[in-house]
Amino acid sequence: MAQVLKVNLPFDLRTSHDNDLFYKTAHEKQIFILPYCNSCDQYFWPGAFICQHCGSTDVEWKEASGHGKIYSHVEGRFPFHKAIKEHLPIAICSVTLDEGPRVFGRLVNYGDIEKVSCDAPVHLVWLQDDEKGCTIMGFELD
Ligand SMILES: [Zn+2]
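Under our numbering, the first residue of the sequence shown carries the number 1123, and numbering increases by one thereafter.
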């Protein structure tokens, strides 16, 4: 099970309603699930009722490892909205999961962003905001 960091998010940063089950499971059980196609045996992201690889509707949500490698990252140092000012700097990363899909999350506990290389191994940490009632993906260097 992934670590849970209690945070104060500037906004409710959950995305598409297609991923409601993902966010509900993350918030209530801290379990990392991804959509999985039983026809072609591949994970995909974001959630959908049709596999993005083969078009099959034989899909389900399945637990995944939360491990992967950074594909890219960016660090925001200037507030684009007043609510985010106290959270800076804030780094966002795209991660290629060991299961295949590429997802976005907040990079945490990374130190100097200039020293974070692409392909660096990372693992999932849940970023849970109890006040807003939401939990989102974060990633931490291995
Ligand atoms: Zn498929």
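Think of the CB as a built atom: it goes at the ideal place given N, C-alpha and C, for glycine as much as any other residue.
Please classify E1208: is it buried, with 16 or more other beta-carbons within 10 angstroms of its beta-carbon, or exposed? exposed
Next on the checklist: Which complete beta strand (DSSP E) runs does the region 1140-1226 hold, if anything under 3 residues is left out?
Outcome noted: Contiguous beta strand (DSSP E) elements confined to the region 1140-1226 occur at 1155-1159, 1181-1185, 1189-1198, 1212-1219, taking only those with 3 or more residues.
Residues near I1153 in its chain [Cβ-Cβ closer than 8 angstroms; skip 5 each side]: M1123, T1147, E1185
Legend entry - Residue environment, N1141, which counts as buried when at least 16 other CB atoms sit within 10 Å: buried
Quick check: G1198 and V1217, are their CB atoms within less than 7 angstroms of each other?
no
Is S1161 near S1178, with beta carbons less than 7 angstroms apart? yes
request  = Collect the residues with a C-beta less than 6 angstroms away from any heavy atom of ligand 1 and give them in sequence order along the chain.
outcome  = A residue is listed when its beta-carbon falls short of 6 angstroms from at least one non-hydrogen atom of ligand 1; in chain order these are C1159, S1161, C1162, Q1164, C1173, H1175, C1176, S1178.
- Item | Proximal residues to P1223 (C-beta, below 8 angstroms), its chain only, five neighbours per side dropped | L1156, Y1165, F1166, W1167
For L1127 and L1249, believed in contact at Cβ under 8 angstroms, the rounded distance: 6 angstroms
query: So is V1196 buried or exposed if we call it buried at 16+ other beta carbons inside 10 Å?
result: exposed
So is C1240 buried or exposed if we call it buried at 16+ other beta carbons inside 10 Å? With fewer than 16 Cβ atoms within 10 Å of its Cβ, C1240 is classed as exposed.
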